[in-house]
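Participant: Mapped onto UniProt numbering, the consecutive letters of the sequence shown carry residue numbers 1 to 439. Cβ coordinates follow ideal geometry from the N, Cα and C atoms, glycine included. Just so it is clear, the structure is predicted and the values come from calculations on it, not from any experiment. Below: one structure in structure tokens.
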Amino acid sequence: MKKVAFYTLGCKLNYSETSTIGRIFQERGFEKVEFTDTPDIYVINTCSVTDNADKKCRKIVKEALKHSPDAFITIVGCYAQLKPKEISEIPGVDAVLGAAEKFQLVDILETFEKKEKAQIYASPVSEANTFHNSYSFGDRTRTFLKVQDGCDYSCSFCTIPLARGNSRSDSIENVVRSASEIAESGVKEIVLTGVNTGDFGIQDGKRVETFFDLVKELDKVEGIDRFRISSIEPNLLKDEIISFVAQSNRFMPHFHVPLQSGSNKVLKLMRRRYQRELYADRVATIKQLMPHCCIGVDVIVGFPGETEEDFLETYNFLNELDVSYLHVFPYSERENTLAPEMPGKVTNKDRNRRADMLRILSEKKKRNFYEQNIGREFNVLFEDDVKDGLMEGWTENYVRVVAKYDPVLVNETRHVRLTQLNAAGLMEAEETYQELLKH
Ligand code: SF4
1 MKKVAFYTLG
11 CKLNYSETST
21 IGRIFQERGF
31 EKVEFTDTPD
41 IYVINTCSVT
51 DNADKKCRKI
61 VKEALKHSPD
71 AFITIVGCYA
81 QLKPKEISEI
91 PGVDAVLGAA
101 EKFQLVDILE
111 TFEKKEKAQI
121 YASPVSEANT
131 FHNSYSFGDR
141 TRTFLKVQDG
151 CDYSCSFCTI
161 PLARGNSRSD
171 SIENVVRSAS
181 EIAESGVKEI
191 VLTGVNTGDF
201 GIQDGKRVET
211 FFDLVKELDK
221 VEGIDRFRIS
231 SIEPNLLKDE
241 IISFVAQSNR
251 FMPHFHVPLQ
261 SGSNKVLKLM
271 RRRYQRELYA
281 DRVATIKQLM
291 PHCCIGVDVI
301 VGFPGETEED
311 FLETYNFLNE
321 LDVSYLHVFP
331 YSERENTLAP
341 EMPGKVTNKD
351 RNRRADMLRI
361 LSEKKKRNFY
371 EQNIGREFNV
381 LFEDDVKDGL
391 MEGWTENYVR
401 VVAKYDPVLV
411 NETRHVRLTQ
421 LNAAGLMEAE
431 ETYQELLKH
């Protein structure tokens, strides 16, 4: 029996896809082993958003060969689609597969026999037009379920449409079936994942269903206690979705909504499909219906043309906004996108300084959000990781709670009252031994 090991870079979507490729290998009689074991085959799933994707890829290939010098090394993922030739020249790489080929890996490579030169199987991204159902099975508590892939938007900084193709989705029927399968395996929480998740519903180039329809159907799936929406564009986060989540016991009061900039001028340059007023309105609607809802925000700083005044506009906008944490990215040039050609390049020093300022703001926001929840009661779903004798779990509204490790608590939900932030900034809680709450 041949042994195969995996390494994933990048986003939740990549994790769900690596998991699925792993299951395909297992169904075909391969044994899945740890990276540090001595596998016969390595599959490295790459990301194009990661800075220095090339360097990271080289490092992982080198590391893999240290553990298993004769292993067959296969590279898949967004970076493999964008730069197949470049990757094939990395010493040690045996095969590169594009977006349309990655799920056929076992059929395409069959014997995994090394050739003199690396083999490339990467068709143009336009051929990545079928949807391949995927979900991760990393731990027992939470699964990332891919419901949508690709993107039809054309944000001027983004290569994802070039790496993953047009927007396409699974059907509601299939997603519900996958969710029921996941429930049967004992997993309690599903994170709905996609490139542009809110755009769910396009099949063969036509809109046939909507994300809201999907949410309503998933809410009926027995056995899953929690659904989270991983990330949704503000223009697609409609009132009906917010109202539904507010009254649902399964959809958690937690949204992650990319803003990217708080300056309308920069949003326009980025080719985003909304202005800051719409974003502020979405946050206000969420908070009106769910005052303790957690809201996460993605922001890019140092986009070409972003002056110090534009950045301060973003800073002040976020400072005023009732959100819970920020994911901050200094702008980074991507080939074949419009942004690098735009005037007003921001120096790396300024990009990093602006990012640092927003990261400090994010810490303040998070602490403030956590403090607002002290004294309130929640259900906490505990997870499997143990660190320094402590385990962690998450409230409905995504507050991370620590407790002394107790194996009985793993994958269990407990009703607690949040008591204090300890010296390390971690939230402590006391169990209240009441029936689980409906939020
Ligand atoms: S919405 Fe914009 S940033 Fe997001 S994947 Fe599509 S093009 Fe990229």
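1) Could you check if V257 belongs to the surroundings of the ligand SF4, using beta carbon to heavy atom distance under 6 Å?
2) Which residues does DSSP list as the beta-bridge partners of A5?
3) Suppose the cutoff is 8 Å on Cβ atoms and the five residues either side in sequence are ignored; what does the same chain contact list for I60 look like?
4) Quick check on K66: buried or exposed, where buried means 16 or more other Cβ atoms within 10 Å of its Cβ?
5) What's the gap between the Cα of D213 and the Cα of I172?
6) Nearest to F227 by CA position, among M252, R334, C158, A53, is which residue?
7) Using CA atoms only, rank isn't needed, just tell me which of G393, V399, G194 is closest to V410.
8) Assuming S48 contacts L97 (C-beta within less than 8 Å), just tell me the rounded distance between them.
9) Within 10 angstroms of the Cβ of G302, are there 16 or more other Cβ atoms? Answer buried if so, exposed if not.
10) Just to confirm, are residue 462 and S167 a CB contact at a threshold of 7 Å?
11) With 16 as the cutoff for other CB atoms within 10 Å, does D406 come out buried or exposed?
12) On the DSSP bridge assignment, give the partners of F255 in chain order.
13) Which runs of the alpha helix (DSSP H) spanning at least 4 residues fall entirely within the segment 227-274, listed in chain order?
14) What span of residues does the beta strand (DSSP E) with M391 cover, start to end?
15) In whole angstroms, what is the alpha-carbon distance linking A246 and A64?
16) Should the segment 253-271 be regarded as contacting the segment 199-216, the criterion being three or more beta carbon pairs within less than 8 Å?
17) What do you get for M1, buried or exposed, if any count of 16 or more other CB atoms within 10 angstroms of its CB means buried?
18) Under 7 Å, do E101 and Y121 count as touching if we go by C-beta distance?
19) In three-state DSSP terms, what is R140?
Facilitator: Once the coordinates are examined:
1) no
2) Y42
3) Only Y7, L9, I44 meet the Cβ criterion.
4) exposed
5) Between D213 and I172, the C-alpha separation is close to 8 Å.
6) M252
7) G393
8) Actually they do not touch by this definition, with Cβ atoms about 15 Å apart.
9) buried
10) This structure cannot settle anything about residue 462, because the visible part of the chain is limited to 1 through 439.
11) exposed
12) I295
13) 239-247, 264-269
14) That run of the beta strand (DSSP E) goes 390-394.
15) 46 Å
16) no
17) exposed
18) yes
19) coil
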